[in-house]
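In our numbering, the protein residues as written are 1465 to 1734.
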């Protein structure tokens, strides 16, 4: 019997058996060594590569495939914005003067105009406008920021609906209905009412008016059919993520002010 041949799977198993992996407990020493020997550069960001390039500017080399497995799709090439000035201008349009509550945090006096671009660090700006469909999510994406931002927007919407005048309805006899001032407007706070106010089409149109469609980084399924690829959901997602980023960086007061002034007020809620 010829024993000189061995299948590839068996060969890999034998090779792996001779490789000595460190125990799980030994892996924790790496973090300790890094803590004892911090990087010499105090200005380096944890998101920067060894070459000093921010993560938002390039795909991490270790996450790239050496060759492309799938052929290029037969559709127009989709390009996203990589100009920081265009992004800053969109943030200025969206946030406007609603971020004045952060002036004291930034140590600015009344003589300097506080713009939306001043409220977020560079890396967070790009993370907030990056959808997980862009570059296979290898440069980070905004799902967690959007989750927090949507909770804030939902809460502020419920408060606005609670203070809005109740729609006219047939009134039963007064002796049959218990009334209290604290219950006024409670009929407005329903799931349907909140979803109607925060409809994705309305939010997408609002995002377009602020110029967020020019800076949102995503990859549509069909670049010649953005509506069918879910552009409205992506733009609403981007607005939520910016609100979430403001809440984490500048606090709930700033995020609430931006929500009320730049989202709810244009949608007709005070």
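Each residue gets a CB set at the ideal place from its N, CA and C atoms; glycine is no exception.
Note that the structure is predicted; figures quoted are calculated from it, not measured.
The straight-line gap separating the alpha-carbon atoms of residue 1578 and residue 1553 is approximately 13 Å. For residue 1594, DSSP records a beta bridge to 1681. With respect to the 8 Å criterion, residue 1711 and residue 1612 are classified as neighbours on the basis of their beta carbons. For residue 1609, same chain residues with a beta-carbon under 6 Å away, outside a window of 5 residues either side, are 1592, 1705, 1708 and 1709 in chain order. In this structure, residue 1721 places its C-beta atom within 8 Å of the C-beta atom of residue 1562. Where residue 1627 is concerned, the enclosing alpha helix (DSSP H) starts and stops at 1607-1627. Taking C-beta atoms as the reference points, residue 1571 and residue 1555 fail to come closer than 8 Å. Inclusion of residue 1734 and residue 1657 in the CB contact set at 8 Å is not warranted, their separation being larger than that value.
Nearest to residue 1606 by C-alpha distance, out of 1614, 1596 and 1539, is 1596. Here residue 1540 carries a coil assignment [DSSP, helix/strand/coil]. Taking C-beta atoms as the reference points, residue 1587 and residue 1520 count as a pair closer than 8 Å. The DSSP-derived three-state label of residue 1525 is helix. Here the alpha carbons of residue 1529 and residue 1476 stand approximately 21 Å from one another. Residue 1626 and residue 1716 have their C-alpha atoms roughly 20 Å apart. Judged by DSSP in its simplified three-state form, residue 1518 adopts strand. Between residue 1685 and the set 1540, 1558 and 1531, the nearest pair of CA atoms involves 1540. A distance below 8 Å separates the beta carbons of residue 1558 and residue 1726. Counting only runs of at least 4 residues, the segment 1687-1716 fully encloses the following alpha helix (DSSP H) elements, listed from N- to C-terminal order: 1695-1714.
Comparing alpha-carbon positions, the option among 1522, 1480 and 1698 lying closest to residue 1663 turns out to be 1698.
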